[in-house]
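Inspection log for the structure reproduced underneath, given as structure tokens.
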Amino acid sequence: MKKIEQYSIFEATIQSPAPHNSHVDVDFYGIFLKDGQETGGIRIKGFYAGNGDYKIRFMPKEEGLWHFTLYLNSPDRVTESGTFECIRATGLNHGAVKPAGTDFVYDDGTKFVPYGTTIYAWIHQTDEIVKETVETLRESPFNKVRMCVFPKHAIYNSNDPQLYPFEKNDAGAWDVNKPSFSYWDHLEKCLNDLLSLGIETDLILFHPYDRWGFSKLSLSENLVYLDYLLRRLSAYRNIWWSLANEYDMVFTKTNEDWLTIGQYVSSNDPYNHLLSIHNWLRVFDPKTPWISHLSLQTNIYEKVLNLVMDYKKPVILDEVRYEGDIEPDWGNISAFELTHRFWAVMMLGGYCSHGETFYREDEVLWWAKGGKLYGESPKRIAFLKSLLCEVGGTPKPNLRIPVQDPNNLPGKAAPENPYAKAVASLTTSEREQLIIGHLNYTATIGDDYTLYYLGKECRAFLDLELPENDTGCYVEVIDIWEMSRTAIERSARGKLRVKLPGKEGMAVLVQKLKDYPHYSFPKGYFTMDNTMEEALNNPAAKVIMEKYFSSFFSLPQFEMALKMPLGAFCKYSGGRISVKTCNTVSRELNEVPL
374 MKKIEQYSIF EATIQSPAPH NSHVDVDFYG IFLKDGQETG GIRIKGFYAG NGDYKIRFMP
434 KEEGLWHFTL YLNSPDRVTE SGTFECIRAT GLNHGAVKPA GTDFVYDDGT KFVPYGTTIY
494 AWIHQTDEIV KETVETLRES PFNKVRMCVF PKHAIYNSND PQLYPFEKND AGAWDVNKPS
554 FSYWDHLEKC LNDLLSLGIE TDLILFHPYD RWGFSKLSLS ENLVYLDYLL RRLSAYRNIW
614 WSLANEYDMV FTKTNEDWLT IGQYVSSNDP YNHLLSIHNW LRVFDPKTPW ISHLSLQTNI
674 YEKVLNLVMD YKKPVILDEV RYEGDIEPDW GNISAFELTH RFWAVMMLGG YCSHGETFYR
734 EDEVLWWAKG GKLYGESPKR IAFLKSLLCE VGGTPKPNLR IPVQDPNNLP GKAAPENPYA
794 KAVASLTTSE REQLIIGHLN YTATIGDDYT LYYLGKECRA FLDLELPEND TGCYVEVIDI
854 WEMSRTAIER SARGKLRVKL PGKEGMAVLV QKLKDYPHYS FPKGYFTMDN TMEEALNNPA
914 AKVIMEKYFS SFFSLPQFEM ALKMPLGAFC KYSGGRISVK TCNTVSRELN EVPL
């Protein structure tokens, strides 16, 4: 019996003569029933893949036996049935991503924090560049990419692709009823490459950068194209649907067209993948029911806080300008500026995406064609990703006057407080401007962490009021450009003045040491403040690591854990490492010289 992991693709193929007319509107479907289920089931449309192959794809989400029956009405009717076993997901397979309030989670409940990048037309390049792009992504921190179905015509992106999504008819026009199977096979290979890396594909279905005529297809033609796309690709767990890049620049489509297209995708996707629509000037109504999250272009990244609070959906600033040096203003911000925007946006409760546009004579710029990364921001985004992965959560803005809604002020804004009364008297637009003008990049992460990001401020110190508890707080100073973390206090309490170097891009991380083992810190010896990587590079410490932690070495996420302090590694083991074991490791390490 065939075995399929949860959230993976079960595929069945039936051989039959090719359709006489449309290669899209084929009457082929399957009914999938979980073992013990006698009626109902999940109805999945199949598609024609060329060479007489009719395929159907199904993404099972529940373990156990599944029974299926396939129905094909073609020149000769074919019915086929069978059974497969869905087994527990392993490795990087956590299912599809879905919204959870203003955050994201996988189907299995694992948190997903997007660190996206932009490679619009990478699948439309040479095989060599496509392969190079995959290898670059393999070494990058990015777990989401934005990419287009259709080829793109724009500055530094004017080459013809090797393949197109459709064949042409006798009149030389695109025939959406005749998909180019070579193109779709190629697209799927690229999707599978991304899937193997654990990367989500934010697939852009329409865009305005076009000299081939794809943006001028009629609404009925667009729906035929989407029918084939949804039949063929919906079973990929790593698919997100982006209706458009800069939808309001596609002047051949009306707002009603977009509503129709969005509703069509939403209604015909059996797995309810994430669905968004990216803007140029005007944000599409975020309250639209089929919009799962906001995918936005803006240079005013500070307003992400208002958007999160207003719409209660995840907000991704997928375009905040790109690190690079080309002439358009959207393509020449510094690596520090893009790194800062990642930090700022995430501290305000949103998410951010990367892009790179460094001029090259061969015109292979990452944002358009992929290839290699040359900028300095990716490794600093990786540093941020590692930090937030270590602390085990996503930042939640710590709102306070004046950024807090005056209707929710502590004590109902006591009338004797003239400052609170002044804030309460502001109009909505005035209050929004106040929020942007007095942004406070302070966020809590879970119950134990507070992260103070100082942004462009150049402070000499930061005054903190810490809890007066028994174990105190662990305090670190972080330099986002140098990618350094310096522990300055191991059990601080009460008032603390943190000295800072008076430069941009500094942060302070405070951890409450509640329920955290208190370790000794002998000078010149290993402690639980050392990282796993440092311990593995020391022969004596490595023996201790292998003795207690060898079962973790083969896990996919272990590479990220290498940079963690050993104490944090123990704490965030999901209960698999006991406090007793942590204390034993600490004592043994304290006898190993550095």
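Residue 374 is where the sequence shown starts when you use our numbering, and the numbers rise one by one after that.
Note that beta-carbon positions come from the ideal geometry of N, C-alpha and C, so glycine has one too.
- Separation of Leu568 and Tyr898 (C-alpha to C-alpha, rounded to the nearest whole angstrom) is 43 Å.
- If you compare the alpha carbons of Val848, Lys769 and Thr661 with that of Asn813, the shortest gap goes to Lys769.
- By the Cβ neighbour-count rule, Arg655 is exposed, with fewer than 16 other Cβ atoms within 10 Å of its own.
- Per DSSP, the continuous beta strand (DSSP E) segment holding Gly455 begins and ends at Val451 to Ile460.
- Residue burial annotation: Ile851 is buried, with at least 16 other C-beta atoms found within 10 angstroms of its C-beta.
- In the structure shown, the three-state DSSP call for Ala473 is strand.
- In this structure, Val470 keeps its C-beta atom at 7 Å or more from the C-beta atom of Ile492.
- When the five nearest sequence neighbours on each side are left out, the beta carbons in the same chain lying within less than 6 Å of the beta carbon of His559 are those of Leu536, in order along the chain.
- According to the DSSP secondary-structure assignment, Leu445 is paired through a beta bridge with Phe401 and Val451.
- Here Trp854 is near Phe709, since their CB atoms are less than 7 Å apart.
- Excluding its 5 nearest sequence neighbours in each direction, Ile699 has C-beta neighbours in its own chain below 8 Å: Ile528, Tyr529, Asn705, Thr730, Phe731, Tyr732 and Leu738, listed in chain order.
- Of the residues assessed, Ser381 falls on the buried side of the cut-off, its CB having 16 or more other CB atoms within 10 angstroms.
- Going by beta carbons, Val397 and Tyr609 fall outside the 7 Å limit.
- A buried status is given to Phe405, since no fewer than 16 other beta-carbon atoms sit within 10 Å of its beta-carbon.
- Straight-line spacing of the CA atoms in Thr509 and Val478 works out to 26 Å.
- DSSP places Lys920 in the helix class (H, G or I) of the three-state scheme.
- Judged by DSSP secondary structure, Met879 falls within the beta strand (DSSP E) whose first and last residues are Met879 to Lys885.
- Nearest to Gly455 by alpha-carbon distance, out of Leu465, Leu445, His467 and His440, is His440.
- The alpha-carbon separation between Lys626 and His727 amounts to approximately 28 Å.
- When the Cα atoms are used, Gly423 and Ser553 turn out to be separated by approximately 9 Å.
- For Trp854, there is no enclosing beta strand (DSSP E), as DSSP marks it with neither H nor E.
- Ala617 counts as buried, since no fewer than 16 other beta carbons sit within 10 angstroms of its beta carbon.
- Annotation for Trp547: the continuous beta strand (DSSP E) segment containing it runs Trp547 to Pro552.
- From the listed residues Asn446, Thr475, Pro433 and Thr859, the smallest Cα separation to Ala462 is found for Pro433.
- Between Tyr556 and Pro538, the CB-CB gap stays under 7 Å.
- Taking C-beta atoms as the reference points, His651 and Ser707 fail to come closer than 7 Å.
- In this structure, Trp495 sits near Gly743, with a CB-CB distance shorter than 7 Å.
- Contact between Trp613 and Leu647 holds, since their C-beta atoms are separated by about 4 Å, short of 8 Å.
- About 4 Å separates the Cβ atoms of Tyr684 and Pro659, confirming a contact at the 8 Å cut-off.
- According to DSSP, residue pairing for His713 in a beta bridge does not occur.
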